[in-house]
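In the numbering used here, the protein residues as written are 288 to 466.
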Amino acid sequence: MKQTEAIAPSQEWRVADIKSDFEGGFIDRVSKEWALATAGNASDYNAMTISWGLIGHLWEKPVAVCFVRPQRHTRIFTDKSAFFTLTFFGKDKKSKVHKIFGNESGKDIDKAAKAGVTPIIFDEGAIGFEEAKETIVCKKIYFDDFNPKNFLDSSIAALYTDDYHRFYIGEIVKFYKKK
Ligand SMILES: Cc1cc2nc3c(=O)[nH]c(=O)nc-3n(C[C@H](O)[C@H](O)[C@H](O)COP(=O)(O)O)c2cc1C
């Protein structure tokens, strides 16, 4: 389904430092507040809710990692795009945004229109949402699929049928935050 075209971000957004300006702790934020993983361009993109994600230091770069199952419509976009973004809305917007982005598919509906949010395009050509608080822009530098032979804890296999996530490691190239 065609998604609402992304427009320029408002003046409310500033470039911030991922090391010092991402407040609240990443594990807590991603697991409790949730986020959107988004990839694509202004007129052809998709976003979905995530509650798993990583931030860290790898190959001498600040990196973020997201995990996308094969059946997600978003997967087409994380596969073909040079960038992905992780967007945080804050707890107050959680139910409204993630009810749609975490349960419905961009295959079927215009998620932004239904959730009442405005897609925006940052300088890198990466997509965020105006109503959000923070967006981490990641340039894809590696991907792989989980190999069930390497699961060392039986609780992990219980999370799958055969739809193992593809994970994307992205170099964090910009962190945008609302003023
Ligand atoms: C709290 C929450 C966390 C989720 N985390 C992930 C995730 O990390 N990876 C994933 O592939 N799907 C995850 N999902 C499922 C997708 O968000 C959901 O299937 C979505 O509707 C996919 O949309 P799409 O088909 O437009 O890509 C999560 C859903 C919820 C509600």
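All C-beta atoms in this analysis are idealised placements derived from N, C-alpha and C, irrespective of residue type, glycine included.
Boundaries of the beta strand (DSSP E) in which residue i is found, first to last residue
i, result
"Ile396", "Careful: Ile396 lies outside any beta strand (DSSP E) and carries neither H nor E."
"Ala303", "300–303"
"Gly457", "453–465"
"Pro406", "406–408"
From the options, residue whose alpha carbon lies closest to that of residue i
i, options, result
"Lys427", "Ile408, Lys348, Ile294, Ala329", "Lys348"
"Gly389", "Ala444, Ala329, Met335", "Met335"
"Ala329", "Thr405, Gly343, Tyr429", "Thr405"
"Arg356", "Phe462, Asn437, Asp432, Phe313", "Asp432"
"Pro296", "Ala413, Asp450, Pro435", "Ala413"
"Ile294", "Lys420, Phe409, Arg453, Lys465", "Phe409"
"Glu243", "Trp300, Thr291, Lys289", "Within the shown structure, residues of the chain are numbered from 288 to 466, placing residue 243 beyond reach of any answer."
"Lys394", "Asn437, Glu320, Ala369, Ile363", "Ile363"
"Phe375", "Ser368, Ala369, Lys383", "Lys383"
"His360", "Lys436, Ala419, Asp397, Tyr463", "Asp397"
Beta-carbon proximity of residue i to residue j, cut-off 8 angstroms
i, j, result
"Ile387", "Ile423", "no"
"Tyr332", "Ala324", "no"
"Leu373", "Ile456", "no"
"Ile350", "Gly340", "Sequence inspection shows Val at residue 350; the Ile mentioned does not correspond to that position. No, these two residues do not count as a Cβ contact at 8 angstroms."
"Ile310", "Lys378", "Before going on, a small fix: residue 310 reads as Glu here, not Ile. No; because the gap between Cβ atoms is not below 8 angstroms, this pair is not in contact."
"Phe454", "Phe354", "yes"
Can you list, in chain order, the stretches of the beta strand (DSSP E) that have 3 or more residues and sit fully within the segment 306–353?
Complete beta strand (DSSP E) runs here, min 3: 322–328, 331–337, 341–345.
List in chain order: all unbroken beta strand (DSSP E) runs of 3+ residues lying wholly within the segment 413–440.
Entirely contained in the segment 413–440, the beta strand (DSSP E) runs reaching 3 residues are, in chain order, 414–416, 421–432.
Can you list the beta strand (DSSP E) stretches of 3 or more residues lying completely in the segment 362–391, in chain order?
370–375
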